[in-house]
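Trainee: Count the sequence shown with the numbering used here and you get residues 872 to 1115, in order.
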Amino acid sequence: MSGLLLVFILATVALMLQVSQKQQALADTQHTLNAKVTEAKKQQAAFSTQIDKVNEAEVIRTQMLKEISERLNAAGIQVTVNSDTSVLSIPTAALGFASGSYTIEPQYAARAAAIGQVLSDVIRKDDRFKYLDTVFVEGHTDSEPFNGPLNMDNWGLSTFRAISLWQLWGQSMPGDSRLDALKNAQGGPLFSVSGYADTRPVDDAPAGIPDFAGNRRIDIRITIIRPSSKELEKISDDFSDGTK
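#1: Between E910 and R1097, what straight-line distance do the alpha-carbon atoms span, to the nearest angstrom?
#2: If you draw a straight line from the C-alpha of K907 to the C-alpha of D1051, how long is it?
#3: Work out the CA separation of D992 and T900 for me, nearest whole Å.
#4: Quick test of the definition: if touching needs 3 or more C-beta pairs under 8 Å, does the segment 999-1011 touch the segment 1057-1069?
#5: Which one or two residues does DSSP pair with D1090 in a beta bridge?
#6: For L1060, which three-state DSSP category applies?
#7: When DSSP labels each residue in this structure, what does N1055 get in the three-state scheme?
#8: Can at least three beta-carbon pairs, one atom from the segment 973-989 and one from the segment 1032-1043, be found at a separation below 8 Å?
#9: For Q894, collect the residues of the same chain with a Cβ closer than 6 Å to its Cβ; drop the 5 residues on either side in sequence, then sort them by chain order.
#10: What residue range does the alpha helix (DSSP H) around V950 cover?
#11: Check whether the Cβ atoms of Q960 and T951 lie closer than 8 Å to each other.
#12: Go ahead and label T903 buried or exposed: buried means 16 or more other beta carbons lie within 10 angstroms of its beta carbon, across all protein chains shown.
#13: Pairs of beta-carbons, one from the segment 1064-1076 and one from the segment 1004-1019, closer than 8 Å: are there three or more?
#14: Please tell me whether A885 has its Cβ less than 8 Å away from any Cβ of chain D.
#15: Alpha carbons only, please: which of T1094, D955 and N1086 is nearest the one belonging to N1025?
#16: With a 10 Å radius around its C-beta and 16 neighbouring C-beta atoms as the bar for buried, classify N1018 as buried or exposed.
#17: Please determine, among A964, S970 and G971, the residue with the shortest C-alpha to C-alpha distance to Q978.
#18: Going by Cα to Cα distance, which pick from A885, T1012, Q915 and P1045 is closest to L966?
#19: Nearest CA to the CA of F968: which residue from A1078, F1031 and L943?
#20: Look at I975 and L1053 and say whether their C-beta atoms are less than 8 Å apart.
#21: Output the distance between the C-alpha atoms of A983 and R942, rounded to the nearest integer angstrom.
#22: Can you list, in chain order, the residues of its chain whose CB lies under 7 Å from that of I931, leaving out five sequence neighbours each side?
#23: Candidates T1070, A896 and I1034: which alpha carbon is nearest Y973's?
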């Protein structure tokens, strides 16, 4: 009798030990799952923060384009905004580019300078330049073949149009408004100048008119700061290796 009781007690103790071990294993598993859920929530929050920053920057950019176009149009300088591509287009009527020319004639200089001043005012307002990555000053030509000095073609012509406007801004704007003093979040120049020849005609450009004036223009393309692939990888790595 006492032998059976001892066996029963030992079996009960063994069973209780197994149950205790399984309960501990279950608790450990639950703890691990909870930690992973917490980590995933923190990672999601970090990604959400980056998305919120981009959304905020997009709102700021939209506001800036609206303000720039409203101020210029109110001053009699007709410009258009393509909200889909975040581009402000300045037509040749505002700058006076003749076909085959990159010169801003004296009668257009004041108007061109006013455009630069409005850009400076709007971008500097509330330090909104902090939301921007680059502001591209892009020159464009019509499709009329061009053969200028030193074999300059429409690529050179479009680039020199953008350079002409940029140089005029540099010469005419006061020191506290100078666009070349603006820096982006990485500390580099905010503004960049480029040319696209006749490769990007306006949407309503008619076919068969190579010297269509609407294609002779300057586009101001505003890009916003976005998280880089390295920043996103860092968020992923920080949580995967447990440093966050």
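For each residue, glycine too, the CB sits at the ideal point set by N, CA and C.
Mentor: Quick answer:
#1: For the purposes of this step, residue 910 is identified with residue 39 of the sequence shown, where counting begins at 1. For the purposes of this step, residue 1097 is identified with residue 226 of the sequence shown, where counting begins at 1. The straight-line gap from Cα to Cα measures roughly 24 Å.
#2: Position 36 of the sequence shown, counted from the first residue, corresponds to residue 907. Position 180 of the sequence shown, counted from the first residue, corresponds to residue 1051. If you take the alpha carbons of K907 and D1051, they lie about 48 Å apart.
#3: Position 29 of the sequence shown, counting from 1, holds the residue named residue 900. Position 121 of the sequence shown, counting from 1, holds the residue named residue 992. Take the alpha-carbon of T900 and the one of D992: they are about 59 Å apart.
#4: These segments touch.
#5: Walking along the sequence shown from the start, residue 1090 turns up at place 219. Looking at the DSSP output, D1090 bridges to S960 and E1009.
#6: As a working note, residue 1060 is residue 189 in the sequence shown. Correcting the residue identity first, residue 1060 is Pro in this sequence and not Leu. Here P1060 sits in strand by DSSP.
#7: Taking the first residue of the sequence shown as 1, we reach residue 1055 at position 184. In the structure shown, N1055 sits in coil (DSSP, three-state: anything other than H, G, I, E or B).
#8: The segment 973-989 makes contact with the segment 1032-1043: 3 or more CB pairs, one atom from each, lie closer than 8 Å.
#9: Counting from one through the sequence shown, the residue named residue 894 turns up at place 23. So no residue of the chain qualifies.
#10: Here residue 950 refers to the residue found at position 79 of the sequence shown. According to the DSSP assignment, V950 belongs to no alpha helix (DSSP H), since it is labelled neither H nor E.
#11: As a working note, residue 960 is residue 89 in the sequence shown. As a working note, residue 951 is residue 80 in the sequence shown. For clarity, residue 960 is Ser in the given sequence; the question names Gln instead. For S960 and T951, yes; Cβs fall inside 8 Å.
#12: In the sequence shown, the residue the question calls residue 903 occupies position 32. With fewer than 16 other Cβ atoms from the protein chains shown falling within 10 Å of its own Cβ, T903 counts as exposed.
#13: These segments touch.
#14: In the structure shown, chain D does not exist; there is a single protein chain.
#15: Translated into positions along the sequence shown, residue 1025 becomes position 154. Closest by C-alpha distance to N1025, out of T1094, D955 and N1086, is N1086.
#16: Locating residue 1018 in the sequence shown gives position 147, counting from the first residue. With a threshold of 16 other beta carbon atoms within 10 Å, N1018 falls short and is exposed.
#17: For this step, residue 978 is matched to residue 107 along the sequence shown. Taking only the C-alpha atoms, the option nearest Q978 is A964.
#18: As a position in the sequence shown, residue 966 is number 95, starting the count at 1. The residue with the shortest Cα to Cα distance from L966 is T1012.
#19: Locating residue 968 in the sequence shown gives position 97, counting from the first residue. The residue with the shortest Cα to Cα distance from F968 is F1031.
#20: Counted from its first residue, the sequence shown places residue 975 at position 104. Counted from its first residue, the sequence shown places residue 1053 at position 182. Contact: no.
#21: For the purposes of this step, residue 983 is taken as the residue at position 112 of the sequence shown. For the purposes of this step, residue 942 is taken as the residue at position 71 of the sequence shown. A direct Cα-to-Cα measurement between A983 and R942 gives close to 14 Å.
#22: Taking the sequence shown and counting its residues from 1, one reaches residue 931 at position 60. Here the set comprises R999 and Y1002.
#23: Your numbering for residue 973 matches position 102 in the sequence shown. Distance from the Cα of Y973 is smallest, within the candidate group T1070, A896 and I1034, for I1034.
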